Each structure stands twice: as C-alpha cells, then as structure tokens.
Amino acid sequence: MNVRIYCRASTEGQHADRALTSLREFSKLKGWQIAGEYIENASGAKLERIELMRLLSEAQPGDLLLVEAIDRLSRLEHSAWVELKDTLNRKGLIIVSMDLPTSWQMVEMAGNDLTSGILRAVNAMLIDILATMARQDYETRRKRPTARHRAG
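Offset between the sequence shown (1-based) and the working numbering: plus 23.
Spelled out as structure tokens, the structure:
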C-alpha cells in the first residue's frame with residue numbers, strides 16, 4: 024500500500040520534523056510503502072498550499088494520505104473542506120490519521136465488506152467532526168488577544 028505523508032506546521036517556530044519521524048515509523052509498522060513526503064509551513068485555513076497541491080497532483084488512486092492529526096490537514100471553512108474532500112475522493116485518496124484508529128483500521132479490514140463499509144461510514148463522520156473542531160479551534164485562537172496586544 025502506497026502512502027503519501029503530509030506534514031504541516033502553521034508557523035515558522037513550529038517544525039514538522041518530529042511529526043515526520045512519527046509518520047515514517049507508523050508507515051513502517053503498518054508495512055506501507057512511502058510514495059512521497061510533503062512538508063510545509065502554511066496555514067491549514069487556506070486550501071491553496073504548495074505541498075498539498077503537489078501531493079494532489081502526484082497521488083495515485085488508492086494511495087493513503089497520512090497525517091498526524093486531521094487539524095494538520097485542515098482548518099478550512101466548511102465549503103473549502105467539502106471541496107478538498109471532493110478532490111480527495113475524485114483522486115481516489117484515502118485519509119489516514121495516526122490519531123484516528125478507525126482510519127487505519129478501515130484500511131486493514133478492506134477485505135471484509137460489511138465491517139469495511141461500517142468503518143468507512145464511521146470514519147467519514149469522525150473526520151468531518153474533527154475537521155469542524157479544527158476550524159472552530161482556529162477561529163477561537165484568532166479571536167484571543169495576543170500578549171503583545173494585551174500589554175499595549
């Protein structure tokens with residue numbers, strides 16, 4: 024199974040190195056072949072990200088899109104999240120998040136139609152919930168006054 028690792032850090036002060044190491048180890052543990060690594064410092068609230076677009080252009084149907092957590096993939100507004108999901112579905116990519124066991128269990132149980140179908144439905148719902156929560160967290164953080172603004 025081919026996996027495309029996507030690591031995103033939102034600020035220059037954050038680094039994706041730790042996440043990249045964890046995702047590589049996770050892929051190895053699962054026996055997945057790494058087909059590409061995509062690392063960027065960009066806001067998850069923007070759909071147009073250079074490395075994400077490169078991943079989408081290079082990905083093949085059936086590839087896994089592996090992230091550490093859904094908020095590393097998206098902090099998008101609802102309409103942009105729907106657009107990204109539609110693109111992933113058209114490309115035949117499967118989102119796998121290290122912190123969401125249903126996402127990788129779904130891949131492991133691909134042969135069992137009933138169980139796989141149930142996991143796909145549950146997983147899609149959980150990913151949507153996590154993406155919504157990531158967006159809400161993003162909006163909450165933007166509303167908080169920074170230390171610089173409080174001191175002024």
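Quick reminder that beta carbons are idealized off the backbone N, C-alpha and C, glycines included. Values in this document were obtained by computation on a predicted structure and should not be read as measured data.
Secondary structure at LEU116: coil, using DSSP grouped into helix, strand and coil. In this model, SER126 and ILE118 are separated by some 7 Å (Cα to Cα).
The alpha-carbon of ALA42 is positioned some 12 Å away from that of ASP122. Contact between the stretch 63–80 and the stretch 26–35 is present: 3 or more CB-CB pairs across the two stretches fall below 8 Å. If you draw a straight line from the Cα of ARG72 to the Cα of GLN56, it is about 24 Å long. Beta-bridge pairing by DSSP links GLU63 to ARG31. The beta carbons of ALA82 and LEU116 sit closer together than 8 Å.
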